[in-house]
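Going by the numbering used here, the letters in the sequence shown line up with residues 273 to 493, in that order. Heads up, the beta-carbon is just placed ideally off N, CA and C, and yes, glycines get one too. For reference, the structure is listed below as structure tokens.
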Amino acid sequence: MPPSTAHPFPLWPLPVAIAVLFTAAAHLGLWLSIRDGYVQACIPVLEGCTSISRAGRHGLANHVFRLLVLPCALLVGVHWWLVARWLGRSWRDVAWLGGVAAIALAVYATFLGSEGEAYRFLRRYGVVCFFGFGYLAQLRFLRGAGEDVATRGIVRAMIVVSAMMLLLGVGSVAATAMVDDAWLKDRVENALEWQLGWLLAAWYLLHAAWWRRQRATLRLQ
């Protein structure tokens, strides 16, 4: 029998798919919730009128949100596993951090819209763990990626985006601790959540550009 031929598949479409699915889920959920009267019409990234969770919690928006986010969670886990393989054996913790983030996102999406204190706890800590462990995976990747002439600009842009994500996280904690007005606090936290989501999508798009510049591929035998 002739030897099997390895078929290389480019890796860069994977983080693009994550960014597209995550962004589409949030904004389609928002549009459907506005259309069906569950949330008011506004620009939440600026006005903070609703959170991403609230926009995808009810009616058709909930089904569409989960339909998009659950496969996105799977892709997140695969993405970080491939990142760990790309970086080498000494960076296996990247796969573990990314895997926890992926599981947390799946838990969050699964129970979004469910009633009860236990489900509320799973949603709350699901989204916190998704952003938290995913952010740690990003930092580990940036440490292992290094810089070369071809990718220096992309890596620096990813560092800037990660720094902005950290500032938004600090801003959210500060708003919780320092703002007494419950209505204003909710608005600030909602706006920061949308901005953080945009930055997360931007980070994955930059990672796609990095993999494309590196001509990273996966060979299937």
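As for any beta strand (DSSP E) of minimum length 3 sitting wholly inside the stretch 408–439, there is none. Beta-bridge partners assigned by DSSP to T489: P282. In the DSSP annotation of this structure, the continuous segment of the alpha helix (DSSP H) that includes W368 starts and ends at 364–383. Distance check between Q486 and each of R329, C401, L359 places L359 closest, using alpha-carbon atoms only.
About 12 Å separates the beta carbons of Y380 and G404, which is beyond the 8 Å limit, so they are not a contact pair. Taking one beta carbon from each stretch, the stretch 353–369 and the stretch 310–330 have fewer than 3 pairs nearer than 8 Å; the two do not touch. Between the stretch 455–466 and the stretch 417–433, the count of Cβ pairs shorter than 8 Å is below three; the stretches do not touch. With contacts defined by Cβ atoms closer than 8 Å, Q467 and V372 do not form a contacting pair. Here DSSP, grouped into helix, strand and coil, assigns G349 to helix. Rounded to whole angstroms, the separation of the alpha carbons of R396 and V445 is 15 Å.
Residue burial is scored here from C-beta neighbours: E465 has at least 16 other C-beta atoms within 10 angstroms and is therefore classed as buried. Counting along the chain, V317 sits inside the alpha helix (DSSP H) bounded by residues 316–319. Under the three-state reduction of DSSP, G360 is assigned to coil, being neither helix nor strand. Each of R338, A449, G441, A378 was checked against the Cα of L300, and the nearest Cα belongs to R338.
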